Each structure stands twice: as structure tokens, then as C-alpha cells.
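In what follows, a single structure is set out as C-alpha cells and then discussed.
Number of protein chains: 2
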Amino acid sequence: MRDAYLVGAAQTDYGAFPHESYRSLFATAFEDAVASVDGEFDRAAVDEAYVGTLGVGGRQLGLSGPAVTEYVGLDGASCTRVENACAASGTALRQATLAIRAGAADVAIAGGFEVMTDMSGDQTRYWLGVSGETEWERMAGTTFAGVYAQMADAHMADHGTTREHLSRVAAKNHANGANNPHAHLGFECSLDDAMNAPSVAEPLNLYDCCPTSDGASVAILASREAAEELTDTPIRVAGAGQASSRVGLFQRPTLTGIPATTDAAEQAYDEAGIDPADVDFAEVHDCFSIAELMAYEDLGFCEKGEAGPFIESGATEPDGDIPVNLSGGLKSKGHPIGATGGGQAVEVFKQLRGEAGDRQVAGLGRGLAHNVGGSGGAVTVHVFEEGWA
Amino acid sequence: MRDAYLVGAAQTDYGAFPHESYRSLFATAFEDAVASVDGEFDRAAVDEAYVGTLGVGGRQLGLSGPAVTEYVGLDGASCTRVENACAASGTALRQATLAIRAGAADVAIAGGFEVMTDMSGDQTRYWLGVSGETEWERMAGTTFAGVYAQMADAHMADHGTTREHLSRVAAKNHANGANNPHAHLGFECSLDDAMNAPSVAEPLNLYDCCPTSDGASVAILASREAAEELTDTPIRVAGAGQASSRVGLFQRPTLTGIPATTDAAEQAYDEAGIDPADVDFAEVHDCFSIAELMAYEDLGFCEKGEAGPFIESGATEPDGDIPVNLSGGLKSKGHPIGATGGGQAVEVFKQLRGEAGDRQVAGLGRGLAHNVGGSGGAVTVHVFEEGWA
Chain A
1 MRDAYLVGAA QTDYGAFPHE SYRSLFATAF EDAVASVDGE FDRAAVDEAY VGTLGVGGRQ
61 LGLSGPAVTE YVGLDGASCT RVENACAASG TALRQATLAI RAGAADVAIA GGFEVMTDMS
121 GDQTRYWLGV SGETEWERMA GTTFAGVYAQ MADAHMADHG TTREHLSRVA AKNHANGANN
181 PHAHLGFECS LDDAMNAPSV AEPLNLYDCC PTSDGASVAI LASREAAEEL TDTPIRVAGA
241 GQASSRVGLF QRPTLTGIPA TTDAAEQAYD EAGIDPADVD FAEVHDCFSI AELMAYEDLG
301 FCEKGEAGPF IESGATEPDG DIPVNLSGGL KSKGHPIGAT GGGQAVEVFK QLRGEAGDRQ
361 VAGLGRGLAH NVGGSGGAVT VHVFEEGWA
Chain B
1 MRDAYLVGAA QTDYGAFPHE SYRSLFATAF EDAVASVDGE FDRAAVDEAY VGTLGVGGRQ
61 LGLSGPAVTE YVGLDGASCT RVENACAASG TALRQATLAI RAGAADVAIA GGFEVMTDMS
121 GDQTRYWLGV SGETEWERMA GTTFAGVYAQ MADAHMADHG TTREHLSRVA AKNHANGANN
181 PHAHLGFECS LDDAMNAPSV AEPLNLYDCC PTSDGASVAI LASREAAEEL TDTPIRVAGA
241 GQASSRVGLF QRPTLTGIPA TTDAAEQAYD EAGIDPADVD FAEVHDCFSI AELMAYEDLG
301 FCEKGEAGPF IESGATEPDG DIPVNLSGGL KSKGHPIGAT GGGQAVEVFK QLRGEAGDRQ
361 VAGLGRGLAH NVGGSGGAVT VHVFEEGWA
């Protein structure tokens, strides 16, 4: 099998940008990704592009993938839009990896974008508010915060997880995000403030919830042969896992975990030939604080039910055994749906290359990115390793 | 490289079905596809699924891929929704092929669906009416019929294509579709009626335009090893090409052809190691009559500018050198956007297996399927061959 390597990656600032369009955001991420490539990058060499986005509405109604790749001059690339809700660009990353492994591409783009704060021109934020499984969640009035609140409630009841455990996610990720110039909410947040914020959906409060953001991200992948021309710091996609499970939470066998995370992680670990303990750091999908705690367990970083004590131990702090969400995560960096999975890869790329500035952690050789669609209907898990295979 | 084989395929009736949902349509196509497999089919063996659809709106807003695969019990499969406008399930077919070639799947599903006639619950038909490139086509009031009318007008001016040439597409495809029990408009249409129909967008009239339909299609693909257990009549995906070009017609170098068709066909022919003359029959994307004529040229079935005389010669009739749209095509069989590309593969599957009933043509060994998104922003071309590699 041909290996895929990450040879460039970048994201825009995440935030509210009324003066930007989906195309201008994508172009910024793309040009910065090109600038991050060590070697001479020829955009005519791009064979395939995968673009993740949830949104339609006021902008391009179909073909929004080709609409952004043409805008950055990728005329020769075949472009496919992929959508798996919030896992859209994690899915794009895996499809680009498969295209290289299949021999269909030597150089491939995986990216994503979302414009969420323009309520007049786009329905994405409205949809997100009312989305989830349609018949029995959305039409019954449940929001995404409501769905994750059910998980938090069950996790607290079954495993003794506390209000403080949840808020530790917010405090840690805001502390990390304060060192990330691209963060939407790049300010620190004390544990006290996080614990005493106004309620959104019991037991989740404002600081348990990520923001909705505008933004874009782009990763550039290459086969070994192409990567040798393009990079001095090869980062291999050692494992690319993806799984689906029931779209509605009520249809799944557990309220306290996401089965598709476990399945996707198992695939990624198998491909990489590693155990969870071999992961040096991770970007996980913390759309709500409880989601990060469940990810610790589903990804095997700690035992089932032990996520609360695990975060309390400091294990996932920057100086811990396995730093999680050094970028600030969705909570602080922001969550522009279609860009999020690609943005996670950007942080892994930067940390593995030692280019993460004030939030750089030394000695990292293997990173994981975990991207969840909806409340777990689709999940991707990627393992990235520094060095040639 | 691992080869992918088509081991099962089916589509629903195409038409207006107010009593059906996107899930019930997908389930019908899926169960019929399973029934078409020669061997014992175990749905737990499905590793990957790709589902093409354009629509969102009144139904599942994100994750509509996993929402249909869970409905048919594909709990173990990783599902990805792909969208390239009307080329959505042609794209799904290629992604499933790549997943098998990459070693990520032994058995994969490629399907698609669209519910277009329920105006209350879904905006797809509205969008289609106003879609195309956003800034300079849609917002200027141009419809898809208007865009293809510009192509028809230019083709008539540059190459002497006539009103009668266009109408021959309708007459041929309706004659073919009258033998297809799944066809939406399964009635014959005389050349006279086709030539004298009311105008839609000059020079295109009602019989130059395909209908909007509800429907679904599903193809089942397998690696060689898996296919040996599943079929007695192997049909190999000999070539899988995909290309993009500018989304807006006005931004492309020609009005009289679709460059992405030429590019995707070149890839598919190269992979299959064949020339256009080696193709026995084809399903091409005749959303408008002019689209079929341009496809003859872009796919290399005749010289540039010669499509009019080519159809007049009878070459693409069922008894001609290269029968085109034996299924009735989009014109007569119907065009449920996300289902269309998969539905083309269904016809190729049936013809190559000798199971096409009243419209069976004898002695076919190699078929081509050509699926266009928008007015040419994305195109897939697949070549299928009977027999093991």
C-alpha cells in the first residue's frame, strides 16, 4: 500500500468575519497551506481535492467543492464535496488519504470551510441549532446542546463525573487557546468562571459549549515519491479510521460514549500498529465539554468511566502524559463545522514540526486527530507520525 | 492495484412518489441490489458506503448518508455522503472503487437518492430551478435550461446542429424508456411531437428537457477476493475517471462541449487501456438533449461537431454501433439527482448480465457510464467490463 504524507497545512483565523466569503476563507487557508510546504509547490500537480462543508443556502447550492478549488486555481484537480456534519473535513482527510493509497492521486488536497455567523445569507447556524436526528430529536425540539446534555447527565450518574470535571475541560482548552493566534475565543477562563456560567442545557452551561465560527482549513497530502520532493519533515498518515453508528443518540447502545469513536480509533491504531498509550498528543472533538471526557475513554487514553479523575490528574494538560487540544480545541479555537477536522490536522502538523509557537510542546512524535459528526453518527480518527515509513 | 467488481445493482422506479421517503426509496433500491447478488450476501461484511444526494431541507440536515445506511442495517459500515450536484452518485461509485483499490474495503456500497417532487418538505427542485453558478448565473436569473440552451445555440451556430438532431435524442430515448419498467416517462414520443413541443428556453423545448424525479439507486462493489464469493458474472470497474472544471459555463473555454467529460473519459480509457471505439454501449448524461450530443463528441464516439450527423446515422440506436441510453436515459427514465449516476451503473450491470428484459441488446461486453454535475463543474466516467481481469 502507498503511504500518504501530510506536507502542508494551514487554517484561517476562526471567528465572525462578515467581510469574508466561503471562497475568500478557503483561499486564505489554501495559500497559507501552500506557503507551509518546504519544497516548490506546483498547484497543477494536484490530482484530487476533497472539500468538507455542511452548509448550503445563500451561496453555491451544489458543487461548492469545485467552486472553491477553481477559485484557488486548482483547475486540473478532480474535486468532491464530502459531508458528514461536523466530521466533514475529517472525512475529506481520509478520502484524500485513500485516493493516494489507491494510486488515484500523487498530490491531494483535503480541506473544509463554513460560514456560520452570516444569518442572512446562510442557514447553517439555524440548522445546527435545530439539527441532530430529524424525526425523534429535532422535531421533538431537542438541540445539539440537549443531546450532549443527556450524555453528560448519564456520565455523571453512572461514573460520578462532576461539574468540576466538565469545567476543567473549558479551563484547560481556553488556557491553550489563549496561545493560539487563530482562536475564536482566545482568552483564558478560570475554573470558577467556567463552573458558574449561565445554564444552556442542564447540566451544560455556556462554558461547556463551543462557539459557532466562520473559518476554513486546508491540508496538502502527497504520496511518498511526491512527498520526497515537497518536504524535509515528513509526517505520515499512519492510520486513517472512519466509522458510523446510529444518527440518533436514543438509538445507540450507550449514552456515555460514542461507539463510532471506538470503532474508528481501532481501525486507526491497527493501521498504525500502535496502542493508545503510544499516542503523544491529541486534538479531540470537544464540541461540548462532555465530548472531550468521553473521547478520553473511547480513544483508550483512560479506562471507561475514569475521564473525570483523568483530567483532574493533569494528564491532558500541556505538561501531562498526553496533552489534549493544545490548539484550544473547538471550545476556544472555535468550530466552523466543515473546517474543524482539517483544523485539527493543522495543529498536529505544527506540533510535529515544532512550529506551534507559544503553545509548542517539545518531543512530540505521534499525534491523533478525532472528529465527530453530529452526536456520533460519523467519526474519523487519524494518527500522524513524524518521519518516513 | 486491487480491482473493484460490481456484484449487485438496482434502482427504484423513478417518478413522483408522495407516499415514499428518502429512506424508503433507498431501502427499496438496496434490498433489490442485495437480491441481484448471485451469492450469499452478508450486510455485516459491508465496510464502506458512499451515498450521493444534493438535497437537504425538510429531512435529515446533516449525516443523511449514515441516516439511510443505518435504516437498511449497515451498522458496521463507515458511511460518507458525497455531493457533486447531479454527479453525486457517479462520485459515490468512484469513491467506493477507490476505497476497494486502497484496501480500506472488501465490500462497499455506492448509492444515491433524491426526493424532488415534495415541494413542501424539500427544497431540492426549487434549488435545481435556480441553481448553477451562483454569482453570475443564478443571481442573474439563468436556469439550468437556460445554461444548456446557450450550449445548444452555440452548437447549432458552430456545427450546423439542427432542431431535428436535438429531437432525435428525445425520440430515441423515449423509445428505449418505453421498454424500461422503472422509467418515469416510459412512453414513446414521435420525432414530430418532440420537434413541436412548447419552448422552455430557446432553442430547447419541453422534450429537450428531462423530468425531475424521486428515486434511489444502489450498487454493490467488491474486491476480487470478495467478488469470487459473490458473483458468477464478474463485472470489473475497468476505469474510473473524475474531473472538475469551472462551475460557471461562462468561465469555461468552450460553449459547445464539457471539458471535464473529456478529462474524466481520458482517465477512464487510460485505466481500462482502451479507445472510445472499444466501448460497446453507454449511458450518458442527457439532462438536456444537447448534453447527449455533446457527450458523443466529448467521449470520443464521434468527431467534434459531428454529433448531429452521428445520431442521424442511427449509430446510437439499440441496433447501432454504440447504443446510447438503452435505459431511456435521464430524458425518459428520469433524473432523481442523487440517484442518477448509480442508476446508470444499474443499466450497464443489467445489460452486461443479459438481464435487461425487453431492451436487452445481445453481445455487449463493455459499457460506459457518464454522469455530469451542474453544467460540467464535475464529471465522472466509468468503464465496466464483463469477466475477471
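If you're matching them up, the sequences are chains A and B in order.
Residue numbers for the first sequence follow UniProt numbering, so the first one is 1 and each next one is one higher.
Residue numbers for the second sequence follow UniProt numbering, so the first one is 1 and each next one is one higher.
Glycine is no exception: its CB is placed at the ideal position from the N, C-alpha and C atoms.
Quantities reported herein were computed from a predicted structural model and do not represent experimental measurements.
Contact with chain A is found for C79 (chain B), since one of that chain's Cβ atoms lies less than 8 Å from the residue's Cβ. For G103 (chain A), the three-state secondary structure derived from DSSP is coil. Assignment of D278 (chain B) by DSSP, reduced to helix, strand and coil, places it in the helix class.
By the rule that beta-carbons nearer than 8 Å mark a contact, S217 (chain B) does not touch chain A. Closest in C-alpha terms to G354 (chain B), from the list B:C302, B:T233 and B:S245, comes B:T233. At least one C-beta of chain A is nearer than 8 Å to the C-beta of D75 (chain B). Closest by C-alpha distance to L166 (chain B), out of B:G112, B:C287 and B:E20, is B:C287. A straight-line Cα-Cα distance of about 24 Å links A315 (chain A) and A238 (chain A).
Pairing C86 (chain A) with I258 (chain A) gives a Cβ-Cβ distance that is not under 8 Å. G273 (chain B) counts as exposed, since fewer than 16 other beta carbons sit within 10 angstroms of its beta carbon. By the Cβ neighbour-count rule, H285 (chain B) is buried, with 16 or more other Cβ atoms within 10 Å of its own.
Your pair G308 (chain B) and N173 (chain B) does not check out as a contact, with CB atoms roughly 16 Å apart and the cut at 8 Å.
Of the other Cβ atoms in all chains shown, 16 or more fall within 10 Å of the Cβ of P66 (chain A); this residue is therefore buried. 8 Å or more divides the Cβ of V72 (chain A) from the Cβ of F113 (chain A). Between Y14 (chain A) and A227 (chain A), the CB-CB gap reaches or exceeds 8 Å. Between the alpha carbons of G320 (chain A) and V247 (chain A) lies a distance of about 34 Å.
For H382 (chain A), there is no enclosing alpha helix (DSSP H); the enclosing beta strand (DSSP E) has its first and last residue at A378 to E386. Cβ-Cβ distances below 8 Å link G363 (chain B) to D280 in the same chain, with the five nearest sequence neighbours on each side left out; the list follows chain order. Residue environment for P198 (chain B): exposed (fewer than 16 other C-beta atoms within 10 angstroms of its C-beta). What T69 (chain B) touches in chain A, judged by beta-carbon distance under 9 Å, is S244, going in chain order. The stretch 338-352 of chain A and the stretch 344-361 of chain B do not touch, with fewer than 3 CB-CB distances between them shorter than 8 Å.
Per the coordinates, the alpha-carbon of N371 (chain A) lies some 22 Å from the alpha-carbon of A178 (chain A).
The beta-carbon separation of A183 (chain A) and G334 (chain A), rounded to 7 Å, stays under the 8 Å limit for a contact. Spanning the alpha carbons of C210 (chain B) and V324 (chain A) requires a straight line of approximately 53 Å.
A Cβ-Cβ contact shorter than 8 Å links V147 (chain B) with E137 (chain B).
Going by C-alpha positions, T256 (chain A) is about 57 Å away from D278 (chain B). The CB of M1 (chain A) comes closer than 9 Å to the CB of A102 and G103 in chain B, given here in chain order.
Comparing alpha carbon positions, the residue from A:A10, A:L61 and A:A378 closest to S217 (chain A) is A:A10. Per DSSP, G334 (chain A) has no beta-bridge partner at all. As DSSP reads the structure, Q242 (chain A) sits in a beta bridge with A:T380. At a cut-off of 8 Å between beta-carbon atoms, E83 (chain A) makes contact with chain B. Secondary structure note for S64 (chain B): its alpha helix (DSSP H) is the uninterrupted segment S64 to Y71. Not flagged as an interface residue toward chain A: G314 (chain B), since no C-beta distance is shorter than 8 Å. Annotation: Q60 (chain A) is outside any alpha helix (DSSP H) and is labelled neither H nor E by DSSP. Annotation: the continuous alpha helix (DSSP H) that includes E266 (chain A) extends over P259 to A272.
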